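**Q**
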Amino acid sequence: MRKSVVSLMALGAFAAAGAIASFPLTTVAEEQRPADAEPQPFNPQLSALMSMLIQPRHAKLGLAGQAENWPLAGYMFKELKAGFGVVGRAVPRWKGLPVPDLIEASVEPTFAVLDFAIKAGEPRQFAESYGKLTQACNNCHATMDHPFVVIKAPDASAWPNQDFKPSTR
43 MRKSVVSLMA
53 LGAFAAAGAI
63 ASFPLTTVAE
73 EQRPADAEPQ
83 PFNPQLSALM
93 SMLIQPRHAK
103 LGLAGQAENW
113 PLAGYMFKEL
123 KAGFGVVGRA
133 VPRWKGLPVP
143 DLIEASVEPT
153 FAVLDFAIKA
163 GEPRQFAESY
173 GKLTQACNNC
183 HATMDHPFVV
193 IKAPDASAWP
203 NQDFKPSTR
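Under the working numbering, the first residue of the sequence shown carries the number 43, and numbering increases by one thereafter.
#1: Could you tell me whether the Cβ atoms of Pro165 and Leu105 are closer together than 8 angstroms?
#2: So what does Leu139 bridge to, in DSSP terms?
#3: Helix, strand or coil: how does DSSP classify Thr210 here?
#4: Is Glu164 helix, strand or coil when you go by DSSP?
#5: Distance, Cα to Cα, Leu103 vs Glu80?
#6: Between Asn181 and Lys207, what straight-line distance do the alpha-carbon atoms span, to the nearest angstrom?
#7: Under three-state DSSP, which class holds Arg131?
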C-alpha cells in the first residue's frame with residue numbers, strides 16, 4: 043500500500059514537471075509591446091473603481107476637514123464628486139442596478155451642505171455633513187448587497203507623505 047502511494051506521488055510530480063516544462067518560455071523583451079502600440083482597454087470592476095477613486099478621496103477629504111485645511115478639503119471634495127462621475131460612466135449598471143442613479147440618490151443629497159461647510163470653514167458642520175456622506179456610502183453598499191463594506195471617517199492617515207495641515211506658505 044505504502045509503495046503504491048509513493049509511486050502515485052512520484053508519477054504526479056513527474057506529470058506536473060512535464061506540464062510546467064511544456065509552457066512556452068518567453069523573455070521579458072518578447073512580452074514588451076512597441077512604444078507606439080495602441081493602449082489596451084482599461085475596464086476595471088466597480089469594486090476596483092471604488093478602491094482606486096472613491097475611498098482614497100473620501101479619506102483625504104475627511105483628513106483635510108479634520109485638519110481644517112479648507113483649500114485641500116475643497117479640492118478633495120471636487121475630486122470625490124468627479125470620481126463618482128467616472129464610476130457612473132464606467133459602470134452604468136451593476137447586477138441590473140443603475141449605478142449613476144444610485145449615486146445620485148445616495149450621496150449627492152449630502153453634497154450641498156458639505157460644500158457649504160467647506161467654503162464657510164465650519165468644522166462642526168463639516169464633521170456632521172461628512173458623517174452623513176459616509177452613512178450614505180454605507181447605505182448604498184447595503185442596497186447593493188454589500189453591507190459588509192463599511193466606510194468610516196479616517197482616524198489616521200494612510201498617506202505618510204502628505205501633510206494635511208493647512209499650508210503656511
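Idealized CB from N, CA, C, for every residue including glycine. Quantities reported herein were computed from a predicted structural model and do not represent experimental measurements.
**A** In this structure, then:
#1: No.
#2: In the DSSP output, where bridge partners are listed per residue, Leu139 has Trp136.
#3: Reduced to three states, the DSSP call for Thr210 is coil.
#4: Coil.
#5: Their Cα atoms are separated by approximately 35 angstroms.
#6: Their backbone Cα atoms lie some 30 angstroms apart in a straight line.
#7: Helix at Arg131.
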